[in-house]
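Data first, discussion second: the structure below is written as C-alpha cells.
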Amino acid sequence: MKVHILGGFLGSGKTTAITSAALLLIEQGKKVAVITNDQGKYLVDTSFIDSNNIPSAEVTNGCFCCNFNSLSDQLEKLENTIKPDCIFAESVGSCTDLVATVLNPLQLLKYKLFDNITFSVFVDCRILLDYLIGNPLPFTDAIVYIFSKQIEEADLLIINKIDLLPAAGLLKIQELANQQLGGKLLIFQNTLNKDHIQKWLDTLESLPMRRREALDIDYEIYGKGEADLAWLDEEINIQSDNDSSWGQAISFIETMVNEINNRKISIGHLKFLLKGEGISHKISFTTIVDTLWKNKLPDLKLSNVQMMVNSRIAATPEVAREIVRKGINSISFPGILVTESHEQSFTPGFPNPTHRITREIPCCEECRCIKSINNSQPETCLCDCNTNEESCCRFQ
Ligand SMILES: Nc1nc2c(ncn2[C@@H]2O[C@H](COP(=O)(O)OP(=O)(O)O)[C@@H](O)[C@H]2O)c(=O)[nH]1
Ligand SMILES: [Mg+2]
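Spelled out as C-alpha cells, the structure:
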C-alpha cells in the first residue's frame, strides 16, 4: 500500500485533486481510500468525498500531527478492511511541519503498513506568484509564516490552478519558481484537468521511498498563525413552503460572503455542502474569491436543503458566528424554517504534536530499527529492538 500525504494552504486544491485522482484510479481498477482531516467535527471535505462514493475515514478535531495515533489507527483500519492500493491523506490547510510530525513518525513507527509514503504540497499559483515577487499577502505575518514554511518543507510542490493565471503570469511564475525554489520537484497543474491529475499520479508512482529533512520552525509563530484563523462548523436545514430552499441557501451564502468582504476579513477557506433530494453540491470560497460563483450554480426548486458550513477565516470565533447569524437573519421569513444543529466555533489550539522526529540515527538497516530524537525528549529508540538490543541484526 502507498500513502500519499497532501499538505499546503487552505483552498489550494487538495480535496479536488484527491477526489479526481481517486476516481481516476478507481476507473483504472485500483482500490483507493481517503483520509480527511480538519479542526472541527462536521467536515465538508468528508461529505464531499463520500458523495463521490470514495471509501473514506476522517481524523477530526485537530490536525494529523496532534492526532497522530488517530491517523495511524485509521490507516490500519483501512488496510485491514478495504486493503487499498493507495490512501490519500489530506492534512489541515493551516498545518505545517508535517515532515517531522507526520511523515517521519509514520516512516519510522508504522513502516510495516506501506511500501511508500509520498508528500505533495499544494499551493495556489496566484498567491505563490505574489509571494515570490515579494508582494504582501492578505494575511497576518504569522499566517504568512505558515504559508512560507509549507513551501519550504515541500520536496514535491504542486503549483496549482494554473488555468486561473493569464499566459504572462504563468511564464512569470515558472521563471520565479525555477529561480527561487531550486531543489524541489515542481509541477505546474490545473487540477480540473484529468491529464494533469494523471501526470501528478505518474510522478507519485515514480518517487522512491525517501527520508526528509525536518523544518527549522518557531512554534510560537506557528501557533499564533493557527489561532489567527477561527474555525466554525455547523449544519443548517432550510425548509420552505414554496420550494425556494435552494435559492434561500444561495442567499444565505451570498450574505455571508458579502459580510466577510465588507468587514475586510481574509478567507482561508469557506466551504458549503448543499444537499437535497439526491443532489449534493460543494461551494467553496478561497482567499481570492471567485466573483462569478453564482453563475456556475444550478437553479433548483427544492422544499428542503441540508447545508453544512465549514468556515476558516481571519477573525475571532465570535465574529465568525456573527457572520453566520447575519446569513440566517437574511433568510428568516414567514414560510421559511431555518434549523441549526451542531454549531461550534473556536480558536484552534496551540499545535502540540504527538511526535516530532527531527533527526534519526539508523542502528540497523536490515530490521530498520532507528534511534530518533523526539522533540524535547531524550534520545529514544522507536523500535522494538531497544528493549533488547541483542535482537538487532547488528548484534548478531
Ligand atoms: N480553476 C481551478 N480551480 C481549482 C483548481 N483546484 C482546485 N480548485 C478550486 O479551488 C477550490 C478549493 O479547492 P479544495 O480542493 O477544496 O481546496 P483544499 O482546501 O486545498 O482542499 C474549489 O472551489 C476547487 O474547485 C484548479 O486547478 N483550477
Ligand atoms: Mg480540503
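Read in order, the letters of the sequence shown correspond to residues 1 to 396 in the numbering used here. Backbone N, C-alpha and C fix where the C-beta goes; we use that ideal spot for every residue, glycine too. On a predicted model such as this, the values are computed, not experimentally measured, just so you know.
### Message
My output table needs one value for T286: the three-state DSSP class, helix, strand or coil.
### Response
One-based indexing of the sequence shown puts residue 286 at position 286. Looking at T286 - three-state DSSP - the assignment turns out to be strand.
Which same chain residues end up closer than 8 Å to F48 when comparing Cβ atoms and leaving out the 5 residues on each side of it in sequence?
Taking the sequence shown and counting its residues from 1, the one referred to as residue 48 is at position 48. Once the five neighbours on either side are set aside, the close Cβ partners of F48 are T15, T19, L273, S280, K282.
*How far does the alpha helix (DSSP H) with V257 in it reach, from first residue to last?*
Numbered from 1 along the sequence shown, position 257 holds the residue referred to as residue 257. Start and end: 245 to 262.
Q. Taking Cβ to Cβ, would you say I323 is nearer than 9 Å to I313?
A. Along the sequence shown, one-based indexing puts residue 323 at 323. Along the sequence shown, one-based indexing puts residue 313 at 313. Going by C-beta atoms, I323 is nearer than 9 Å to I313.
Worksheet item: Are the segment 151 to 160 and the segment 116 to 134 touching, with three or more C-beta to C-beta distances below 8 Å?
Response: yes
- Message: Three Cβ pairs or more, each shorter than 8 Å: is that satisfied between the segment 325 to 344 and the segment 221 to 234?
- Response: The segment 325 to 344 makes contact with the segment 221 to 234, as at least three CB pairs between them are under 8 Å.
Practice task
Enumerate in chain order the residues of its own chain whose CB-to-CB distance from L113 is below 7 Å, with the five nearest sequence positions on each side excluded.
Solution key: Your numbering for residue 113 matches position 113 in the sequence shown. Here the set comprises M1, L75, E76, E79.
| said: Within the continuous alpha helix (DSSP H) that includes A33, where are the two ends? | reply: In the sequence shown, residue 33 corresponds to position 33, counting from 1. Boundaries for A33: no alpha helix (DSSP H) harbours it, while the beta strand (DSSP E) harbouring it runs 32 to 37, taken from the DSSP string.
Counted within 10 angstroms of its Cβ, other Cβ atoms place R210 as buried (16 or more) or exposed: Taking the sequence shown and counting its residues from 1, the one referred to as residue 210 is at position 210. Burial call: exposed.
**Report entry** Continuous alpha helix (DSSP H) stretch holding F68: start and end
**Finding:** Taking the first residue of the sequence shown as 1, we reach residue 68 at position 68. Its alpha helix (DSSP H) spans residues 68 to 81.
For T387, the three-state DSSP class (helix, strand or coil) = For the purposes of this step, residue 387 is taken as the residue at position 387 of the sequence shown. The pLDDT assigned to T387 is 45, lower than 50, so where the model puts this residue is not dependable, and the model offers no usable value.
Discussion item. Any heavy atom of ligand 2 closer than 8 Å to the beta-carbon of E90?
Written reply: Translated into the one-based positions of the sequence shown, residue 90 becomes position 90. It does: the Cβ of E90 is within 8 Å (strictly closer) of some heavy atom of ligand 2.
Q. What is the DSSP secondary structure of S12, counted as helix, strand or coil?
A. To locate residue 12, count along the sequence shown from 1; it is residue 12. Coil, per DSSP.
**Message:** Less than 8 Å between C-beta atoms, sequence neighbours within five positions excluded: which residues of the same chain meet that for Q198?
**Reply:** Position 198 of the sequence shown holds residue 198. Beyond the five residues adjoining it in sequence on each side, Q198 comes within less than 8 Å, by CB distance, of L24 in the same chain, given in chain order.
Among N258, L109, L171, A17, whose alpha-carbon lies nearest the alpha-carbon of F68? As a position in the sequence shown, residue 68 is number 68, starting the count at 1. Comparing alpha carbon positions, the residue from N258, L109, L171, A17 closest to F68 is L109.
query = Terminal residues of the continuous beta strand (DSSP E) containing G268?
reply = Taking the first residue of the sequence shown as 1, we reach residue 268 at position 268. 267 to 276 is the extent of the beta strand (DSSP E) around G268.
Cβ-Cβ distance between L129 and L165 below 9 Å: Start at 1 with the first residue of the sequence shown, and residue 129 comes out as number 129. Start at 1 with the first residue of the sequence shown, and residue 165 comes out as number 165. Yes.
Secondary structure of Q28, DSSP reduced to three states | Position 28 of the sequence shown, counted from the first residue, corresponds to residue 28. Looking at Q28 - three-state DSSP - the assignment turns out to be coil, as it is neither helix nor strand.
Residue closest to C471, alpha-carbon to alpha-carbon, out of T191, V305, F285, T36: Absent from the model: residue 471. The displayed extent of the chain is 1 to 396, so no value can be given.
Is D45 near ligand 2, in the sense that its beta carbon is under 8 Å from a heavy atom of that ligand? Position 45 of the sequence shown, counting from 1, holds the residue named residue 45. Relative to ligand 2, the beta carbon of D45 is positioned inside 8 Å of a heavy atom.
- Query: Are D97 and R356 touching if we call contact CB-CB under 9 Å?
  - Reply: As a working note, residue 97 is residue 97 in the sequence shown. As a working note, residue 356 is residue 356 in the sequence shown. Taking 9 Å as the Cβ cut-off, D97 and R356 qualify as a contacting pair.
Let me check you understand the geometry: is the CB of G40 closer than 8 Å to at least one non-hydrogen atom of ligand 1? Counting from one through the sequence shown, the residue named residue 40 turns up at place 40. G40: no, Cβ never under 8 Å from ligand 1.
- prompt: Between N237 and E340, is the Cβ-Cβ spacing less than 9 Å?
  reply: Taking the sequence shown and counting its residues from 1, the one referred to as residue 237 is at position 237. Taking the sequence shown and counting its residues from 1, the one referred to as residue 340 is at position 340. In this structure, E340 lies closer than 9 Å to N237 by Cβ.
Would you tell me roughly how many angstroms separate the C-alpha atoms of S94 and I146, rounded to the nearest one?
Mapped onto the sequence shown, residue 94 falls at position 94. Mapped onto the sequence shown, residue 146 falls at position 146. When rounded, the distance between both Cα atoms is 7 Å.
- Query: For S56, which residues from the same chain have a beta carbon less than 8 Å from its beta carbon, with the 5 sequence-adjacent residues on both sides left out?
  - Reply: One-based indexing of the sequence shown puts residue 56 at position 56. Contacts found: A33, V34, I35, T36, T46, I49, D50.
Count the other CB atoms, across all protein chains shown, that sit within 10 Å of the CB of E407; report buried if there are 16 or more and exposed otherwise. Given a span of 1 to 396 for the chain in the structure shown, any question on residue 407 remains unanswerable.
Check: Tell me the DSSP bridge mates of A57?
Finding: To locate residue 57, count along the sequence shown from 1; it is residue 57. Partner(s): I35.
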